[in-house]
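Below is one structure, written out as structure tokens, with a few remarks after it.
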Amino acid sequence: MANFAVSIRTQRAPSEAFAYMADLSNFVHWDPGVVEAHQVAGDGPGPDAVFDVAVRGVRSPLVLRYRTETYRPPEVVVVRAVSRLLTSLDTITVSADGDGAIVTYDAQLLLNGPLRRLSGLLSPVFGRIAERAAVGLVRVLDGTRLATTP
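In terms of this note's numbering, the sequence shown opens at residue 2 and continues consecutively.
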């Protein structure tokens, strides 16, 4: 399993930061690996929200269908995508910090089926992809990076 987490301090209010992050259609604005993202079920972020997120693949984009598993505004949203190739579990937490907020994005990626044996090869590649996403997230939140966990 590959894991990447980043925490960012932003001057956005916790409710504003949460609303932005919980709307997965915004991924395209900060994650350069995302080609397209749109909501396919639900009405905005929420417990019934489902998003299709197309990520760059080797030959063509891979569409991941993220379903909301946990939705507790303005503190936490957990989304999971399961495809034939991989499972992605993304946890976004937001906590108040003075006049702003601290946003933590924690992504776990696991290869499925026979590919699971190759999971050890996934971490370095996922780390590079996630690092570019972290830079984009700092930019859109107009924030300061606090910590990264490989």
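C-beta atoms are modelled at their ideal positions from N, C-alpha and C, and glycine is treated no differently.
Keep in mind it's a predicted model, so treat the numbers as computed, not measured.
CB of residue i within 7 Å of CB of residue j, strictly
{"i": "V35", "j": "D53", "result": "no"}
{"i": "L147", "j": "R10", "result": "yes"}
{"i": "T69", "j": "V77", "result": "no"}
{"i": "W31", "j": "V141", "result": "yes"}
{"i": "P33", "j": "R129", "result": "no"}
{"i": "N113", "j": "T88", "result": "yes"}
{"i": "V7", "j": "A108", "result": "no"}
{"i": "V95", "j": "A18", "result": "yes"}
{"i": "A131", "j": "F5", "result": "yes"}
{"i": "V51", "j": "A38", "result": "no"}
{"i": "R13", "j": "A102", "result": "yes"}
{"i": "V1", "j": "Y67", "result": "The structure shown has nothing for residue 1, since the chain only spans 2 to 151."}
{"i": "P15", "j": "P75", "result": "yes"}
Local conformation of residue i per DSSP, three classes
{"i": "S61", "result": "coil"}
{"i": "L25", "result": "helix"}
{"i": "P151", "result": "Low confidence applies here, because P151 scores a pLDDT of 49, under 50, leaving its location unreliable; read the following figure in that light. Reduced to three states, the DSSP call for P151 is coil."}
Beta bridge counterpart(s) of residue i as assigned by DSSP
{"i": "S16", "result": "BP columns for S16 are empty, so no partner."}
{"i": "V51", "result": "A42, R68"}
{"i": "V36", "result": "None, per the DSSP bridge assignment."}
Worksheet entry | Segments assigned beta strand (DSSP E), at least 3 residues, entirely inside the segment 67 to 140 | 77 to 83, 87 to 98, 101 to 112
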